[in-house]
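Report on the following structure.
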Amino acid sequence: MSATSSRPDAPRSLRDTTLALGRLLVPLGALLSLWPGVSTAVALVAGMLVALSVGNPHAALTRRATHLLLSLSVVGLGAGMDLRVVAEEGARGFLYTVVGITACLALGALLARWLRVSRGAGLLISIGTAICGGSAIAAVVPVLRPREEDVSIALGTVFLLNAVALFVFPVVGHAVGLDARQFGLWSALAIHDTSSVVGAAMRYGPQALEVATTVKLARALWIVPLTVSLGFWLRRTGQASTQGQGPARRPWFILGFLAMAALVTWVPSLRPAGQMVTHVSQRVLVLTLFLIGAGFSRQALRSVGLKPLAQGITLWLCMASLSLGAILLHVIS
């Protein structure tokens, strides 16, 4: 009788233990990720392992903190950069940014139709690949009004590919002989999220980080015209929804990045302090990657179907290969 009555308590006891471990491991991992010896890749994987093994009881808090910390870390990185270089990189990359985004959206639409991926998920995956991953997806959701399932599929697909890119890109870059500038440019063009772009570039060196951050942020600005264009197109075709899902997120942190770069450029005496701010921001970015990993879940992993994942992988490989080939052939420089 006692053995039988104890059975219902066993799962509850296990859940309580798992919950307690999650409450402990998430803040402990976040604290340890600030230690200088922890790399971006290690932080991301550690966060994923915690989330998938014991879960994240602080998911709502870490989700909010992720957006804030990523914005602050990107702004802080501007304190270590010269605004003249930032402006030069942004102007230089305008043409291939436009061509790259257009080609990615067109190829993504073809792949989604060929693989019979749902319209919403296919478009979100294409937009996330073309501009800046989860940030671009979050920005267009209030305009497109897709199903929650489509949003989960797109975000899960982008997250998986971001995690892979953080490890694979530096290895490929060294294998094909990319210098720091070339790698920074390639990572900005071919990796989805800003966090993973900066994380991969940090592993390649300071110059790669400067180029990658500048080009990626210039690319992220295209969220705004894309969102406006989608809204206009939906209204013209009569597909606009009146259901509210909140305002689109605007990449205002880019203005902060430019302001910090301008400050240290025009006031040279602030450059030593700017370098300190940049160093702190790099550690905050590592913390952010841990929290991004901790925000993953088994439900998100299950939501990624084979067809959307096939679309995301194929589109990503095509765009990464094309941009790498263009860099190696000096079509893009």
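Take the numbering used here: the final residue in the sequence shown is number 1046, and no numbers are missing along the way. A virtual CB, placed ideally from N, CA and C, is assigned to each residue, including glycine. Source: prediction; values computed, not measured.
TODO: Pair every Cβ in the region 981-991 with every Cβ in the region 744-755, then say whether three or more of these pairs are closer than 8 Å.
DONE: no
Open item on the list: Can you determine whether any heavy atom of the ligand COA sits closer than 6 Å to the C-beta of S839, and answer yes or no?
Closed with: Summarising the ligand content, the structure contains no ligands, and the ligand COA is consequently not present.
Open item on the list: Are the CB atoms of L922 and L747 within a distance shorter than 7 Å?
Closed with: Position 34 of the sequence shown, counted from the start, is the residue given in the question as residue 747. Position 209 of the sequence shown, counted from the start, is the residue given in the question as residue 922. No, Cβ-Cβ distance for L747 and L922 is not below 7 Å.
- [ ] Would you be able to state if there are at least three C-beta pairs under 8 Å between the region 852-871 and the region 824-840?
- [x] yes
Task: Cβ pair A933, A901 closer than 7 Å - done: The residue given as residue 933 occupies position 220 in the sequence shown. The residue given as residue 901 occupies position 188 in the sequence shown. No, the pair does not count as a contact, with Cβ atoms beyond the cut-off.
Open item on the list: One question on the structure: do L836 and L1028 come within less than 7 Å of each other, judged by their Cβ atoms?
Closed with: Taking the first residue of the sequence shown as position 1, residue 836 is located at position 123. Taking the first residue of the sequence shown as position 1, residue 1028 is located at position 315. Not in contact: L836 and L1028 (Cβ atoms no closer than 7 Å).
Open item on the list: Quick test of the definition: if touching needs 3 or more C-beta pairs under 8 Å, does the region 811-818 touch the region 792-802?
Closed with: no
TODO: With a 10 Å radius around its C-beta and 16 neighbouring C-beta atoms as the bar for buried, classify T940 as buried or exposed.
DONE: Mapped onto the sequence shown, residue 940 falls at position 227. Classification for T940: buried.
Open item on the list: Using only the alpha-carbon positions, how far apart do T779 and L1041 sit?
Closed with: Within the sequence shown, residue 779 is the residue found at index 66, counting from 1. Within the sequence shown, residue 1041 is the residue found at index 328, counting from 1. Roughly 35 Å separates the two Cα atoms.
- [ ] Using a threshold of 7 Å, state whether the C-beta atoms of L1002 and S908 are closer than that.
- [x] Mapped onto the sequence shown, residue 1002 falls at position 289. Mapped onto the sequence shown, residue 908 falls at position 195. Result yes, Cβ atoms of L1002 and S908 sit closer than 7 Å.
Open item on the list: Check whether the region 726-733 and the region 987-999 are in contact - that is, three or more C-beta pairs closer than 8 Å.
Closed with: no
Task: Simplified DSSP state of R858, which is helix, strand or coil - done: Counting from 1 along the sequence shown, the entry for residue 858 is found at position 145. R858: coil per DSSP, three-state reduction.
TODO: Report yes if the CB atom of V787 is closer than 7 Å to the CB atom of F966, and no otherwise.
DONE: Position 74 of the sequence shown, counted from the first residue, corresponds to residue 787. Position 253 of the sequence shown, counted from the first residue, corresponds to residue 966. Result yes, Cβ atoms of V787 and F966 sit closer than 7 Å.
Open item on the list: Could you tell me the alpha carbon to alpha carbon distance between I895 and I1045, rounded to whole angstroms?
Closed with: Reading the sequence shown from its first residue, position 182 is the one you call residue 895. Reading the sequence shown from its first residue, position 332 is the one you call residue 1045. Rather than Ile, the amino acid found at residue 895 in this sequence is Gln. Distance between the alpha carbons of Q895 and I1045: 9 Å.
Task: For N769, the three-state DSSP class (helix, strand or coil) - done: In the sequence shown, counting from the first residue as 1, residue 769 sits at position 56. It is coil, neither helix nor strand.
Task: Exposure of Q1012, with buried meaning 16 or more beta-carbon neighbours within 10 Å - done: Translated into the one-based positions of the sequence shown, residue 1012 becomes position 299. Q1012 should be labelled exposed.
Task: Sufficient close CB pairs (3 or more, under 8 Å) joining the region 909-916 to the region 871-882 - done: yes
- [ ] Give the single residue among R996, A1033, I1026 whose Cα lies nearest to the Cα of P749.
- [x] Taking the first residue of the sequence shown as position 1, residue 749 is located at position 36. For the residues R996, A1033, I1026, the minimum Cα distance to P749 belongs to R996.
Task: Secondary structure of S1034, DSSP reduced to three states - done: The residue given as residue 1034 occupies position 321 in the sequence shown. Looking at S1034 - three-state DSSP - the assignment turns out to be helix.
TODO: Taking 7 Å as the cut-off, decide whether the C-beta atoms of V767 and G742 are in contact.
DONE: One-based indexing of the sequence shown puts residue 767 at position 54. One-based indexing of the sequence shown puts residue 742 at position 29. Taking 7 Å as the Cβ cut-off, V767 and G742 do not qualify as a contacting pair.
Open item on the list: Please state the DSSP three-state secondary structure of R776.
Closed with: Within the sequence shown, residue 776 is the residue found at index 63, counting from 1. Of the three classes helix, strand and coil, the one that applies to R776 here is helix, per DSSP.
Task: Beta carbon of G1006 nearer than 7 Å to that of G793 - done: The sequence position of residue 1006 within the sequence shown is 293, counting from 1. The sequence position of residue 793 within the sequence shown is 80, counting from 1. No.
Open item on the list: At 4 residues or longer, what runs of the alpha helix (DSSP H) sit wholly inside the region 853-909?
Closed with: 861-888, 893-903
- [ ] For the alpha helix (DSSP H) holding Y809, just list the boundary residues, first then last.
- [x] Within the sequence shown, residue 809 is the residue found at index 96, counting from 1. Where Y809 is concerned, the enclosing alpha helix (DSSP H) stretches over 807-828.
Task: Range covered by the alpha helix (DSSP H) that runs through M989 - done: The count along the sequence shown starts at 1 and reaches residue 989 at position 276. 984-1007 is the span of the alpha helix (DSSP H), which, as asked, contains M989.
Task: Whole-angstrom distance between Y809 and I936, CA atom to CA atom - done: The residue given as residue 936 occupies position 223 in the sequence shown. The residue given as residue 809 occupies position 96 in the sequence shown. In a straight line, the C-alpha of I936 is about 16 Å away from that of Y809.
- [ ] Have a look at A822, A975, P1021 and flag the residue whose alpha-carbon is nearest the alpha-carbon of L790.
- [x] Residue 790 sits at position 77 when you count from the first residue of the sequence shown. The residue with the shortest Cα to Cα distance from L790 is A975.
- [ ] Could you tell me whether the Cβ atoms of R860 and G833 are closer together than 7 Å?
- [x] Taking the sequence shown and counting its residues from 1, the one referred to as residue 860 is at position 147. Taking the sequence shown and counting its residues from 1, the one referred to as residue 833 is at position 120. Yes. Within cutoff.
- [ ] Note down the Cα distance separating V884 from R916, rounded to an integer number of angstroms.
- [x] By 1-based counting over the sequence shown, the position of residue 884 is 171. By 1-based counting over the sequence shown, the position of residue 916 is 203. Near 10 Å, if we compare the C-alpha coordinates of R916 and V884.
Open item on the list: So for P938, helix, strand or coil by DSSP?
Closed with: Residue 938 sits at position 225 when you count from the first residue of the sequence shown. It is helical.
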